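Heads up: the sequence shown at position 201 corresponds to 201 in my numbering, and the numbers run straight through without jumps.
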Amino acid sequence: MTQTVVNAPYWTETAKIPSQYPYLSEDITCEIAVVGGGVTGALCAYQLQKAGIDTVLVDAELFGYGSTGSSSSILQYDFDYELKGLKELIGIEKAVRTYRACIRGLDEIEQITKELGANVGFSRRDSFYYTPCEYGAERMRQEYLLRRHHDFPVEFLDSEKAAERFSFRVEAGIYTSGMAGEINPYRFTQALIGEAVELGMRAYENTPVEVVTPDFDGITLETKRHHKIRAKKMVNATGIAAAREAARHLVQLKTTFCVVTAPVEDFSGWYNRCIIRDDGDPYIYLRTLPDNRILIGGLDSCHIDENGKLARLIKAPLSVQCKYTELEHRLFSMMTGISNIRAEYHFSGTSVDTGDGLPYVGTLPGYPNVYYDICTGSNGIVFGQLAADLIRDLYLGGDATDMDLMVFDRLKF
Ligand SMILES: Cc1cc2nc3c(=O)[nH]c(=O)nc-3n(C[C@H](O)[C@H](O)[C@H](O)COP(=O)(O)OP(=O)(O)OC[C@H]3O[C@@H](n4cnc5c(N)ncnc54)[C@H](O)[C@@H]3O)c2cc1C
């Protein structure tokens, strides 16, 4: 199994494990078996059980300790791809629909956090996407005009206007009100599972599924301890494992690096504690945490894995340290209005780059009775919610909204 997280992420380090679940020790039956208890599987299992579908959730390890445990958990309508970039990949109609779907996903997540009634660290935020470079300013203005044309609530900030709000150098940027959010991914995952269990779902940790045998009217899953789960359908929400199984030729693994600071006293030079992202390649992003910490992340690499192995050939432990050091330098140089910034947590995690930032969700020829639910990348959590709706609706035979955005054969690579 791929190691998805290195060093202790802030989220799992600072949260007590709220509930522990048994491993599967008998043969059972259910309507849908969801395999993978990260945030994607948890969202899906929650929606299924809430719809009255008898659901079982299993994970090979502990719930929420995969990629989910290292996520920066920024929820956005504008993810890795600018609207213009997405338009070039999938056409303007689908690109706009994708951004709107993300807004819907964010609204739904907010609603779910209210239903859960637990402290999952959700806050709605504004967002700021900017360029520090002169040569990026015109591109940023074109991107702003395109978004405004399609009625997204955007505001253009030139360097002068931006200087009134931010302490760092901005040539041009797009400020969007209220279309982003942040959450604690570990607590959210645990709360979803806890609530689904209250509704009747059965949940098992430390239960690796090793053999999957579909047949004409269902599917049988066999665990490492040779117990069987008989279901009508299975949802494969195993993250990187699912991507490798179903979409190996479509995806690339990438490592993202994060630094979380000790709490700071104020946020001078950081307007509204908005979500910040630059247009670098690789980019960096910043968010705040409810206890006044700062999370800076990004500098994604497809060549350095979390252990510092370069291009899978030589091990260069310093390469990971360099990423953390660069993130710290960027933070100190940007947030000059904030005193006594001190880094406290450093961690990295692996996720899947799908080429257009969108998830892979749905069925595949040759894999009967399996729904794939591969939601990774920089907006994986919002997509996880959209996918959960989609899979529930597919199972219930209803309208599968925006399915064409997430199907496997959407890209002509
Ligand atoms: C550093 C980093 C920063 C990120 N930042 C953001 C962000 O700001 N916003 C955002 O939306 N997304 C972000 N993401 C992406 C987001 O975290 C992922 O989309 C999300 O966590 C994926 O969740 P998942 O449940 O699909 O995968 P995982 O959390 O990896 O869960 C998969 C689970 O499947 C289990 N499993 C695997 N194989 C088996 C098996 N055979 N049997 C049983 N169980 C199995 C694993 O144990 C694991 O628990 C980030 C990712 C990383 C790594």
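For each residue, glycine too, the CB sits at the ideal point set by N, CA and C. For clarity, every value in this text was computed on a predicted model and none was experimentally measured.
Item                                                                                                           : Value
Local Cβ density within 10 Å of Ile17, reported as buried at 16 or more and exposed below that                 : exposed
Residues bridged to Met419 (per DSSP)                                                                          : This structure leaves residue 419 out entirely; the chain is present only between 1 and 413.
Whole runs of the alpha helix (DSSP H) within the region 196 to 261, excluding any shorter than 4 residues     : 240 to 247
Counterpart residues of Asp278 in DSSP-defined beta bridges                                                    : Tyr130
For Trp270, the residue or residues it bridges with in DSSP                                                    : Phe166
Whole-angstrom C-beta distance between Cys102 and Val379, which should lie under 8 Å                           : In the sequence under discussion, the amino acid at residue 379 is Asn, which differs from the Val named in the question. Confirmed, Cβ separation roughly 6 Å.
Among Ala95, Glu82 and Tyr204, the one whose alpha carbon lies nearest that of Tyr23                           : Tyr204
Rounded C-alpha distance that separates Gly194 from Leu62                                                      : 14 Å
Close Cβ partners of Lys232 (< 6 Å) along its chain, the five nearest in sequence each way excluded            : Glu31 and Gly218
Assigned secondary structure, Asp409 (DSSP; H/G/I helix, E/B strand, else coil)                                : helix
Sequence-distant residues of the same chain with beta carbon closer than 7 Å to Glu134, five excluded per side : Glu171
For Phe79, the three-state DSSP class (helix, strand or coil)                                                  : coil
Status (buried if at least 16 other CB within 10 Å, exposed otherwise) for Ser333                              : exposed
Asp59 beta carbon near ligand 1 (any heavy atom closer than 6 Å)                                               : yes
Closest Cα partner of Arg169 within the set Asp278, Ser123 and Val56                                           : Asp278
Residues bridged to Ser301 (per DSSP)                                                                          : Thr255
Under the three-state DSSP convention, the category Gly398 falls into                                          : coil
Heavy atom of ligand 1 within 6 Å of Ser333 beta-carbon                                                        : no
Close beta carbons around Leu364, own chain, < 8 Å, minus the five adjacent residues each side                 : Ala246, Val370, Tyr372 and Phe408
Own chain, CB closer than 6 Å to Thr40, minus 5 neighbours either side, in chain order                         : Ala237, Asp373, Cys375 and Gly384
Per-residue DSSP class, three states only, for Phe332                                                          : helix
Under 7 Å between C-beta atoms of Gln49 and Met234                                                             : no
Buried versus exposed, by CB contacts within 10 Å (16 or more), Asn184                                         : buried
Secondary structure of Ser71, DSSP reduced to three states                                                     : coil
beta-carbon Gly239 near ligand 1 non-hydrogen atom, thresh 6 Å                                                 : yes
For Thr176, the residue or residues it bridges with in DSSP                                                    : Ser127 and Val154
Heavy atom of ligand 1 within 6 Å of Tyr208 beta-carbon                                                        : First, the residue type needs correcting, since residue 208 is Pro and not Tyr in the sequence shown. It does: the Cβ of Pro208 is within 6 Å (strictly closer) of some heavy atom of ligand 1.
Best match in Thr207, Gly239 and Val212 for proximity to Arg225 [C-alpha to C-alpha]                           : Thr207
Proximal residues to Asp80 (C-beta, below 6 Å), its chain only, five neighbours per side dropped               : Gly357 and Ser378
Selected residue, minimal CA-CA separation from Phe257, among Leu286, Asn292, Lys228 and Gly297                : Gly297
First and last residue of the uninterrupted beta strand (DSSP E) at Ser354                                     : The question names Ser, yet the displayed sequence has Thr at residue 354. Here Thr354 belongs to no beta strand (DSSP E), and DSSP marks it neither H nor E.
Through-space distance from Glu143 to Val264, alpha-carbon basis                                               : 33 Å
Test item: CB-CB of Thr220 and Thr213 under 7 Å                                                                : yes
Meets three-Cβ-pair contact criterion under 8 Å: the region 51 to 68 and the region 109 to 118                 : no
Ala343 - partner residues in DSSP beta bridges                                                                 : Thr261
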